[in-house]
Ligand code: AMP
């Protein structure tokens with residue numbers, strides 16, 4: 105059992121904290137969604153409140169090689185400083201003299217924000233020397249970046265070995281793990297998973313695992329067409345992966361053998377083009393005409409899915425039911441989001457993860473009506489799949 109973050113005291117310590125400040129910026133480098141920064145504030149505040157100095161490290165975007173203005177973490181500095189109500193220093197590099205002098209000059213109650221880790225290619229390579237250079241900046245290491253916990257990068261996993269008995273998860277990772285462990289290891293039943301998104305090939309491991317742990321899976325999004333196509337349906341020009349037909353048939357068989365529900369769309373919203381102005385029709389999911397694509401689940405499917413969700417005591421949702429980005433194909437995703445919120449009001453424990461599902465919940469103002477919104481899409485899927493996440497394993501090994 106790990107010691108809870110709350111029980112550590114950080115007085116006079118430099119605390120190297122890995123956060124996920126990978127926030128979206130507009131063309132003027134203004135933050136368009138501050139959620140990821142906001143979620144890290146409790147951990148940073150505790151360190152400052154204890155009298156320690158958080159030395160904050162993160163990545164932002166995917167810089168190709170070296171510095172790129174649009175990926176500089178300087179764009180988040182003012183927001184962070186005002187949110188913490190604390191004087192801070194921005195270090196234009198995350199290692200070497202600049203970073204060391206920023207830490208040295210940091211006033212009490214202050215913080216240091218290091219420049220984007222990924223301006224150094226060693227970060228993503230999990231380079232030991234780079235991790236050692238980062239480690240020199242702290243007396244203690246905290247990982248609070250669940251979104252990158254599935255990566256064995258220098259700052260997310262490798263650095264922990266320089267802090268034996270001096271590392272911990274922050275409040276955010278503690279919360280993420282608590283919610284996901286509750287769903288996967290101690291679910292109140294019935295437990296339903298709602299899985300959507302583009303490709304079945306990305307989520308085969310997740311579906312395999314959920315067939316074992318959940319009582320039922322509701323499948324939407326384009327990935328449903330591979331399941332439908334595998335069973336002989338006419339899927340028209342819908343996104344479909346015929347090379348995964350046999351895997352899908354295997355999953356259907358597994359569901360039957362285990363007595364689990366595996367539900368697919370009954371009807372779908374179709375169009376010839378993915379654009380808002382395209383004429384849209386509704387048809388049976390196994391009779392999509394040539395030249396038409398299934399782009400959302402239809403009203404009968406929504407009704408079916410909502411009926412199942414009403415009985416659920418535990419719900420896990422990842423992936424949109426359709427091309428959620430285009431308003432004409434948003435209906436299914438929105439209705440499922442509302443259904444999950446309603447089930448939660450009646451006592452179900454619900455966890456939502458993955459970019460589009462989280463965006464849907466935000467867009468509809470339902471964030472506080474589901475039990476937990478997970479900050480990591482990829483990390484959540486790997487966790488659900490039962491994989492060991494390097495960022496989680498490292499703290500468990502060295503704490
Ligand atoms: P994922 O990252 O796998 O969760 O997939 C999300 C993407 O799936 C979004 O960009 C959606 O637009 C896309 N998507 C969902 N349903 C469909 C569909 N029926 N046809 C094409 N793309 C879809």
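Numbering (the numbering used here), first residue to last: 105 to 503. By construction, the Cβ of each residue, glycine as well, lies at the ideal position given by its N, Cα and C atoms. Here the structure is a predicted model, which is why all the values come from computation and not from measurement.
*asked:* Can you list, in chain order, the residues of its chain with a C-beta nearer than 8 Å to that of residue 448? Leave out the 5 residues immediately preceding and following it.
replied: Against the chain shown, residue 448 aligns to sequence position 344. 419, 454, 473, 474, 475.
*How about the region 211 to 230 and the region 187 to 198: do they share at least three Cβ pairs that are nearer than 8 Å?*
yes
*Is the region 343 to 358 touching the region 369 to 389 in the sense that three or more CB pairs, one from each, lie closer than 8 Å?*
no
*Taking residue 508 and residue 328 to be in contact with their CB atoms under 8 Å, please state how far apart those CB atoms are, rounded to whole angstroms.*
With the chain running from 105 to 503 in the structure shown, residue 508 is simply not present.
*Tell me the DSSP bridge mates of residue 397?*
Your numbering for residue 397 matches position 293 in the chain shown. DSSP lists 375 as partners of residue 397.
*Does ligand 1 have a heavy atom nearer than 7 Å to the CB of residue 513?*
The structure shown does not extend to residue 513, since the chain is modelled only from 105 to 503, so the question has no answer here.
*May I ask whether a heavy atom of ligand 1 can be found less than 7 Å away from the beta carbon of residue 427?*
On the chain shown, residue 427 is found 323 positions in, with the first residue counted as 1. For ligand 1, at least one heavy atom lies less than 7 Å from the Cβ of residue 427.
*To which residues of the same chain is residue 425 closer than 7 Å at the C-beta, ignoring the five residues directly before and after it?*
In the chain shown, residue 425 corresponds to position 321, counting from 1. So the qualifying residues of the chain are 300, 324, 325, 400, 401, 436, 437, 440.
_Pairwise C-alpha distance: residue 428 and residue 199_ = Residue mapping note: residue 199 aligns to position 95 of the chain shown, counting from 1. Residue mapping note: residue 428 aligns to position 324 of the chain shown, counting from 1. Distance between the alpha carbons of residue 199 and residue 428: 41 Å.
*From residue 178 to residue 393, what does the alpha carbon distance come to, in whole angstroms?*
As a working mapping, residue 178 is identified with position 74 in the chain shown. As a working mapping, residue 393 is identified with position 289 in the chain shown. Residue 178 and residue 393: Cα-Cα distance of roughly 51 Å.
*asked:* So, at 6 Å on beta carbons, what are the nonlocal neighbours of residue 443 in its own chain, with the 5 sequence-adjacent residues on each side left out?
replied: Position 339 of the chain shown, counting from 1, holds the residue named residue 443. 410, 413.
*Assuming residue 368 and residue 331 form a contact by the criterion Cβ under 8 Å, report the distance between their Cβ atoms to the nearest whole angstrom.*
Working through the chain shown from its first residue, we reach residue 368 at position 264. Working through the chain shown from its first residue, we reach residue 331 at position 227. Contact flag correct, Cβ pair sits at about 5 Å.
*For residue 361, count neighbouring C-beta atoms within 10 Å of its own C-beta (all shown protein chains included) and say buried if the count is 16 or more, exposed if not.*
By one-based count along the chain shown, residue 361 stands at place 257. Its Cβ having fewer than 16 others within 10 Å, residue 361 is exposed.
*asked:* Please tell me whether residue 164 and residue 126 are closer than 8 Å, where the distance is taken between their beta carbons.
replied: As a position in the chain shown, residue 164 is number 60, starting the count at 1. As a position in the chain shown, residue 126 is number 22, starting the count at 1. Closer than 8 Å, so yes.
*Of the choices 108, 123, 105, 136, whose alpha-carbon is the least far from that of residue 463?*
Here residue 463 refers to the residue found at position 359 when the chain shown is read from its first residue. Selected option, being the one with the closest Cα: 136.
_Less than 6 Å between C-beta atoms, sequence neighbours within five positions excluded: which residues of the same chain meet that for residue 480?_
Here residue 480 refers to the residue found at position 376 when the chain shown is read from its first residue. For residue 480, where only same-chain residues beyond five positions count, the Cβ hits under 6 Å are 250, 251.
_Rounded straight-line distance, which links the Cα of residue 407 to that of residue 291_ = Position 187 of the chain shown, counted from the start, is the residue given in the question as residue 291. Position 303 of the chain shown, counted from the start, is the residue given in the question as residue 407. The straight-line gap from Cα to Cα measures roughly 24 Å.
*Compare the Cα-Cα distances from residue 461 to each of 478, 339, 451 and report the closest residue.*
Position 357 of the chain shown, counted from the start, is the residue given in the question as residue 461. Residue 461 has its Cα closest to that of 478, out of 478, 339, 451.
*Check whether the Cβ atoms of residue 203 and residue 227 sit closer than 8 Å, and answer yes or no.*
Here the question's residue 203 lines up with position 99 in the chain shown. Here the question's residue 227 lines up with position 123 in the chain shown. No, they are not a contact pair.
*Can residue 424 be considered in contact with ligand 1, in the sense that its beta carbon sits closer than 7 Å to one or more heavy atoms?*
If you number the chain shown from 1, residue 424 lands on position 320. Yes.
_One or two residues paired with residue 476 in a DSSP bridge_ = In the chain shown, the residue the question calls residue 476 occupies position 372. Answer by DSSP bridge pairing, in chain order: 455.
*Can you give me the start and stop residues for the alpha helix (DSSP H) that residue 284 sits inside?*
What you label residue 284 is simply residue 180 of the chain shown in a count that begins at 1. Looking at the DSSP string, the run of the alpha helix (DSSP H) that includes residue 284 is 275 to 289.
*asked:* Can you look up residue 352 in the DSSP assignment and give me helix, strand or coil?
replied: Translated into positions along the chain shown, residue 352 becomes position 248. Here residue 352 sits in helix by DSSP.
*CA-CA distance, residue 313 and residue 262?*
As a first step, residue 313 must be located in the chain shown, where it is residue number 209. As a first step, residue 262 must be located in the chain shown, where it is residue number 158. Cα to Cα, the separation comes out at about 28 Å.
*Indicate the three-state DSSP secondary structure (helix, strand or coil) for residue 213 in the structure shown.*
Locating residue 213 in the chain shown gives position 109, where the first residue counts as 1. Residue 213: coil per DSSP, three-state reduction.
*Is residue 118 closer than 8 Å to residue 159 when the C-beta atoms are compared?*
Translated into the one-based positions of the chain shown, residue 159 becomes position 55. Translated into the one-based positions of the chain shown, residue 118 becomes position 14. Yes. Within cutoff.
*Taking only the alpha-carbon atoms, compute the straight-line gap between residue 303 and residue 167 and give it to the nearest angstrom.*
The count along the chain shown starts at 1 and reaches residue 303 at position 199. The count along the chain shown starts at 1 and reaches residue 167 at position 63. Cα-Cα distance, rounded: 26 Å.
*Among 188, 171, 237, 222, which has the Cα closest to the Cα of residue 201?*
By one-based count along the chain shown, residue 201 stands at place 97. Nearest C-alpha to residue 201: 237.
*With 16 as the cutoff for other CB atoms within 10 Å, does residue 153 come out buried or exposed?*
Against the chain shown, residue 153 aligns to sequence position 49. When all chains shown are included, residue 153 counts as exposed.
*Is the beta carbon of residue 365 within less than 7 Å of some heavy atom of ligand 1?*
To locate residue 365, count along the chain shown from 1; it is residue 261. Flag unset: Cβ of residue 365 not near ligand 1.
*From which residue to which residue does the beta strand (DSSP E) around residue 152 run?*
Numbered from its first residue, the chain shown carries residue 152 at position 48. Residue 152 -> not in any beta strand (DSSP E); alpha helix (DSSP H) instead, spanning 139 to 154.
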